[in-house]
Every structure is written in structure tokens, then in C-alpha cells.
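In this note's numbering, the protein residues as written are 118 to 275.
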């Protein structure tokens, strides 16, 4: 993808209101697959890489991969879904390469569902982690959540 921004900066009383982004070239490549090794199991991996180079010499790289699994353990009764995603971004500056920045995040999810006649029980969990690194910072945080829910399925009957 080539970006050729021919707009002009908008400056009012020496105050920059709008400044066009530098022209750039972005290359993106990705792979998505779905595999069903059994009639009740689905595996879906994904990978994507993106590289952007600006005419100023600055660069941005991104990479993401994920894996999703779904299984009908007991048909119409018990099912599970689990997923995990990893993503990372890197920004490099032509004039100040020592100021490169890296950001990464991970997240996962789980959903186990048990169905009865008009009620479905869910056990769910979610995890997330973020990390930001540069010459001046090294920040990390993570969160998780677990829940148990009950759904009433009106109209399904017994």
C-alpha cells in the first residue's frame, strides 16, 4: 500500500492545526487457516506481519499470531472454546534509532458451556498482558477475569 499525501499543512498564527503524514509504503502479509481434525473440533491459527516505511526513514513493524480452538465435547450438551493471541509492534526513528519503541500484548480467553433444557451454564475466563519498552520506559501490566453465568433460553422448551 502506497500512501501519497499531497495535502498541505494548516497553520494559523504560528499554530499547527494540521500537518500531513509523511508518504509511506506498507507491506502486509498474512495467513488464516481453519482445520477440522474431527467433526466436533475446529482449529483456527492466524499469522500476520506488517511493515511500514516512511520517506523520512522512520519505520513501523507489526506482527500478530493467534490460535483459536473450539470443541463440542458432548454434542448439544458440553462445548469449549479457547483462544490465545500475541501481538507486537516496533517503531524505529531514522534520526534517533536509540529511541526505538516496542509494544507487545497477549490475551487469552476460555468459555466452557454446559447446556440443559432451558438453561446454559458458562464458565468464562479472560487474561490480558501489555508491555511497553523504550529507552526511557519499561512498563508492564496484566489483568484477568473469571465469571460464571447462567443463561435462560426461552422458547427452546424441553
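Glycine included, each C-beta is placed from N, C-alpha and C at the ideal position.
This one's a predicted model, so the numbers in the text were calculated from it and none came from an experiment.
With a CB to CB cut of under 6 Å and the five nearest residues on each side skipped, what residues in its chain are close to residue 198? Excluding sequence neighbours, residue 198 sits near 187 and 228.
With DSSP collapsed to three states, give me the class of residue 203. Judged by DSSP in its simplified three-state form, residue 203 adopts strand.
Runs of beta strand (DSSP E) wholly within the stretch 212–273 (minimum 3 residues, chain order): Taken in chain order, the whole beta strand (DSSP E) runs of length 3 or more contained in the stretch 212–273 are 218–232, 236–250 and 255–269.
Tell me residue 171's beta-bridge partners as DSSP assigns them. For residue 171, the pairing in a beta bridge is given by DSSP as 141.
Secondary structure of residue 147, DSSP reduced to three states: The answer is strand: DSSP assigns residue 147 an E or B state.
How many angstroms separate the CA atom of residue 251 from the CA atom of residue 174? Rounded to whole angstroms, residue 251 to residue 174 spans 19 Å at the Cα level.
Determine the direct distance from the alpha carbon of residue 138 to that of residue 123, and round the result to whole angstroms. Rounded to the nearest angstrom, the two C-alpha atoms are 9 Å apart.
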